[in-house]
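A.B. asks: Take a look at this one; I'll ask things after.
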Amino acid sequence: MHQYLFFIGSFPIRAYGLLFMLGIVSAGITAYYIMKHDGRGWHVHIFDFTMYCGLSGIVGGRLWDVFFFDWPYYHNHLAEIPYVWQGGMAIQGGLLFGAIAGIVYTKYHHIDTWAFADLLAPAIILGQSIGRMANLMNGDAFGHPTGGDFGIVYPDTTLAYHTYGSQPLWPAEIWEGQADVLVFVALLLYSCFPHKKGQVFCLYVMLYAVERFFLEFLRGDYVNLTLGLKSAQMTSVIAFVIALVIFIVLQFKGNVDEKISG
Numbered sequence: 459m460h461q462y463l464f465f466i467g468s469f470p471i472r473a474y475g476l477l478f479m480l481g482i483v484s485a486g487i488t489a490y491y492i493m494k495h496d497g498r499g500w501h502v503h504i505f506d507f508t509m510y511c512g513l514s515g516i517v518g519g520r521l522w523d524v525f526f527f528d529w530p531y532y533h534n535h536l537a538e539i540p541y542v543w544q545g546g547m548a549i550q551g552g553l554l555f556g557a558i559a560g561i562v563y564t565k566y567h568h569i570d571t572w573a574f575a576d577l578l579a580p581a582i583i584l585g586q587s588i589g590r591m592a593n594l595m596n597g598d599a600f601g602h603p604t605g606g607d608f609g610i611v612y613p614d615t616t617l618a619y620h621t622y623g624s625q626p627l628w629p630a631e632i633w634e635g636q637a638d639v640l641v642f643v644a645l646l647l648y649s650c651f652p653h654k655k656g657q658v659f660c661l662y663v664m665l666y667a668v669e670r671f672f673l674e675f676l677r678g679d680y681v682n683l684t685l686g687l688k689s690a691q692m693t694s695v696i697a698f699v700i701a702l703v704i705f706i707v708l709q710f711k712g713n714v715d716e717k718i719s720g
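Per the working numbering, residue 459 is the first one in the sequence shown, and the count goes up by one each step.
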């Protein structure tokens, strides 16, 4: 793996930043394709929507990582908080801030928020999968030591090496990226059948929450515990419960997506 792909003068082109942006662009392209074939004309909003939500997600992901995962470091290095190109982005904050921006955008443009979110959900999880490639190349979001002679040994320039040295680590970020692809397929399949507006997006939240909860047992990049669970696991439990409740409420009181059922 290479953190730096090449240099333009003294300016480094980082694999993390390139792949991170590729994840956002890929999510946008996938959403454009899905929405264009959906036929409601919402694909014309995707460029602006992706830009606004992507920027909001970057801010949210950075702040979430700084304050929930790495505050012991950043409270002594406040000037480095904006250095997103060094890595350190939390998907929970990115999704939260991105969702808020998305709700504001759809309401402003009089778009059905739930139906739009359903079409967007597969694109989001595909973008997340590519984002984990960025983590791998950067040597963050890594696992804890496997305790054997199998696993990933990171270069000495990475945070993973600085944390555990040359010990083999669980490939947590790789497995998460692979699981994201399976969630992507599951969402596409579920989308093909009649459902209430908003249920595809709720299913996305639930599946990712379950995935992240169990993969956190392999993560070794932080060990902050609350009630015996890592912060990401607590977030996953809360997100799963909220999404499940909304899914059930929508089943009984929501509106059928006529575009699918018809």
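Yeah, the Cβ is synthetic: ideal placement off N, Cα and C, and Gly gets one too.
1. In three-state terms, what does DSSP make of residue 665?
2. Contact defined as beta carbons within less than 8 Å: I believe residue 658 pairs with residue 649. What is the distance between those atoms, to the nearest angstrom?
3. Taking contact to mean 3 or more Cβ pairs, one atom from each stretch, closer than 8 Å, check whether the segment 608-628 and the segment 555-562 are in contact.
4. In whole angstroms, what separates the C-alpha of residue 548 from that of residue 520?
5. Can you look up residue 524 in the DSSP assignment and give me helix, strand or coil?
6. Which residues bound the beta strand (DSSP E) around residue 462?
7. Which same chain residues, not among the five before or five after residue 608, have their C-beta less than 7 Å away from its C-beta?
8. With a threshold of 8 Å, are at least 3 pairs of Cβ atoms found where one atom belongs to the segment 686-699 and the other to the segment 600-607?
9. If we ignore side chains and look at the alpha-carbon of each, how far apart do residue 720 and residue 646 end up?
10. Between which two residues does the beta strand (DSSP E) harbouring residue 470 extend?
11. Taking buried to mean at least 16 other C-beta atoms within 10 Å of its own C-beta, is residue 550 buried or exposed?
12. Please classify residue 670: does DSSP put it in a helix, a strand, or coil?
13. Please report the distance separating the alpha-carbon of residue 667 from that of residue 695.
14. Could you give the uninterrupted runs of the alpha helix (DSSP H) lying entirely in the segment 549-604, keeping only those of 4 residues or more?
C.D. replies: If we stick to the structure as given:
1. Stepping through the sequence shown from its first residue, residue 665 is reached at position 207. Here residue 665 sits in helix by DSSP.
2. Within the sequence shown, residue 658 is the residue found at index 200, counting from 1. Within the sequence shown, residue 649 is the residue found at index 191, counting from 1. Between residue 649 and residue 658 the Cβ distance is about 5 Å, and since that is below 8 Å, they are a contact.
3. No contact exists between the segment 608-628 and the segment 555-562.
4. Counting from 1 along the sequence shown, the entry for residue 548 is found at position 90. Counting from 1 along the sequence shown, the entry for residue 520 is found at position 62. Taken atom to atom, the span from the alpha-carbon of residue 548 to that of residue 520 is near 6 Å.
5. Reading the sequence shown from its first residue, position 66 is the one you call residue 524. Residue 524: helix per DSSP, three-state reduction.
6. Here residue 462 corresponds to residue number 4 of the sequence shown, with the count starting at 1. Run containing residue 462: 462-466, per the beta strand (DSSP E) assignment.
7. Start at 1 with the first residue of the sequence shown, and residue 608 comes out as number 150. Same-chain partners within the cutoff: 626.
8. Pairwise C-beta distances place the segment 686-699 out of contact with the segment 600-607, as fewer than three of them are shorter than 8 Å.
9. Against the sequence shown, residue 720 aligns to sequence position 262. Against the sequence shown, residue 646 aligns to sequence position 188. Confidence at residue 720 is low in this model, with a pLDDT of 46, below 50, so its placement is unreliable and the value that follows should be read with caution. If you take the alpha carbons of residue 720 and residue 646, they lie about 17 Å apart.
10. Residue numbering aside, residue 470 sits at position 12 when the sequence shown is read from its first letter. 469-472 is the extent of the beta strand (DSSP E) around residue 470.
11. Sequence index remark: in the sequence shown, residue 550 carries index 92 (1-based). So residue 550 counts as buried.
12. Along the sequence shown, one-based indexing puts residue 670 at 212. Residue 670 falls in the helix class under three-state DSSP.
13. Position 209 of the sequence shown, counted from the start, is the residue given in the question as residue 667. Position 237 of the sequence shown, counted from the start, is the residue given in the question as residue 695. Roughly 7 Å separates the two Cα atoms.
14. Counting only runs of 4 or more, we get 549-566, 571-596.
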